[in-house]
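What follows is a set of notes on a single structure, which appears directly below.
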Amino acid sequence: EINTKKEAILGYPNIVTIKFYQKTNIKASSLSLELPKGDFTLKQINQKDYYQGVYQVTELKYLLIPKKAGKIHLVAKVKIGFPNRELDPFGFIVTGMKYKSVMDSVDIDVKKVYNGIVGDFNISLKVDKDKVEANKPINATLEIRGYGDLSNVDMKLDIPDVTIYDNKPTIKTSIKDDNLYTIYQKK
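Right, here's the structure in full:
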């Protein structure tokens, strides 16, 4: 079972929850989850296992960040392996695995709201000197912190009559409060 919002905003993280229910009296010896690749980033937040009635539930939570407007067809496919014992044509017992696949899918409509960054951010610009002499360098650091995706952002400082030498940005991401938290720094 896949649970998520049916509409998303381009560049803004959306929580996707995938649940797999297995009866407690049936024991699978292997379980693998196949997720699609596409015009989005998928980052796992957490996984938890619990019991609900006669079922053991495996719940996986992801952040899905769309990179392109349009439709996303998200398919979760679970491959389950069960121990299997059979007789071969010569009467020998052969042990192995028998596999079964289970799928669920959902369509997500990704809308482009506007050009730019989507999220909740704090922006700061720090310099290493309070006074500047003509033709002497200063160091400036641009920092953006907050909830949202900045992985495809490259900010440029544009100051008239000033030569600017900038570095590539450093971008660190983590999961905070079940959302994508990003720190973007450029010197």
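First residue of the sequence shown? That's 866 in our numbering, and the numbers climb one at a time after it. Even glycine gets a Cβ: it sits at the ideal position worked out from N, Cα and C. None of these values were measured; they are calculated from a predicted model.
For residue i, does the three-state DSSP call read helix, strand or coil?
| i | result |
| --- | --- |
| Val975 | strand |
| Val866 | The residue you asked about is not Val; residue 866 is Glu in the sequence shown. Three-state DSSP puts Glu866 in coil, outside helix and strand. |
| Val983 | coil |
| Val943 | strand |
| Asp1019 | coil |
| Lys991 | strand |
| Pro948 | strand |
Name the two residues that bound the continuous beta strand (DSSP E) containing residue i.
| i | result |
| --- | --- |
| Gly836 | With the chain running from 866 to 1052 in the structure shown, residue 836 is simply not present. |
| Ala1005 | Ala1005 to Gly1013 |
| Asp1026 | Careful: Asp1026 lies outside any beta strand (DSSP E) and carries neither H nor E. |
| Glu924 | Tyr920 to Pro931 |
| Gly956 | Note, Gly956: premise wrong, no beta strand (DSSP E); not H, not E. |
| Ser1039 | Thr1035 to Lys1041 |
| Lys1051 | Asn1044 to Lys1051 |
| Thr906 | Phe905 to Gln917 |
Cutting at 7 Å between CB atoms, please list the residues of its own chain near residue i, excluding the five before and the five after it.
| i | result |
| --- | --- |
| Ser989 | Glu1008 |
| Tyr915 | Val922 |
Report the CB separation of residue i from residue j in whole angstroms; it is logged as a contact under 8 Å.
| i | j | result |
| --- | --- | --- |
| Lys1051 | Asn1032 | 7 Å |
| Ile937 | Arg950 | Contact flag wrong, Cβ pair sits at about 42 Å. |
| Lys1037 | Ile1024 | Their Cβ separation, rounded to whole angstroms, is 26 Å, which puts Lys1037 and Ile1024 out of contact at 8 Å. |
| Val1018 | Leu875 | The pair is not a contact, with the Cβ atoms about 13 Å apart (cut-off 8 Å). |
| Asp904 | Lys933 | 4 Å |
Give me the residue from the options with the minimum Cα distance to residue i.
| i | options | result |
| --- | --- | --- |
| Lys902 | Tyr1049, Asp995, Lys913 and Pro931 | Pro931 |
| Lys944 | Leu925, Asp1014, Tyr964 and Leu928 | Tyr964 |
| Lys1021 | Leu1015, Asp1014 and Ile1029 | Ile1029 |
| Leu928 | Thr960, Asp1014, Ile1048 and Asp993 | Asp1014 |
| Asn890 | Val975, Gly918 and Arg1010 | Gly918 |
| Lys994 | Phe986, Lys908 and Ile1003 | Ile1003 |
| Gly984 | Phe885, Gly935 and Leu1045 | Leu1045 |
| Lys1041 | Asn987, Gly1011, Asp1026 and Ser1016 | Gly1011 |
| Val975 | Gly935, Met962, Ala999 and Glu998 | Gly935 |
| Val997 | Val1027, Pro948, Ile910 and Tyr877 | Val1027 |
| Ser1016 | Asn987, Ala999 and Ile982 | Ile982 |
| Pro948 | Gly956, Thr960 and Phe955 | Thr960 |
Keeping to the same chain, check which residues put their C-beta closer than 6 Å to that of residue i; ignore five residues upstream and five downstream.
| i | result |
| --- | --- |
| Ser970 | Val940 |
| Leu925 | Ile883 and Gln912 |
| Thr906 | Ile930 |
| Thr1006 | Lys991 and Lys1052 |
| Ile867 | Ile883, Ala941, Asp969 and Val971 |
| Lys908 | Leu928 |
| Thr1035 | Gln1050 |
| Val967 | Val943 |
Who are the near neighbours of residue i in its chain, counting only those whose CB is closer than 8 Å to its CB and skipping five residues on each side?
| i | result |
| --- | --- |
| Asn879 | Thr869, Lys870, Ala873, Leu928, Leu929, Ile930, Pro931 and Ile973 |
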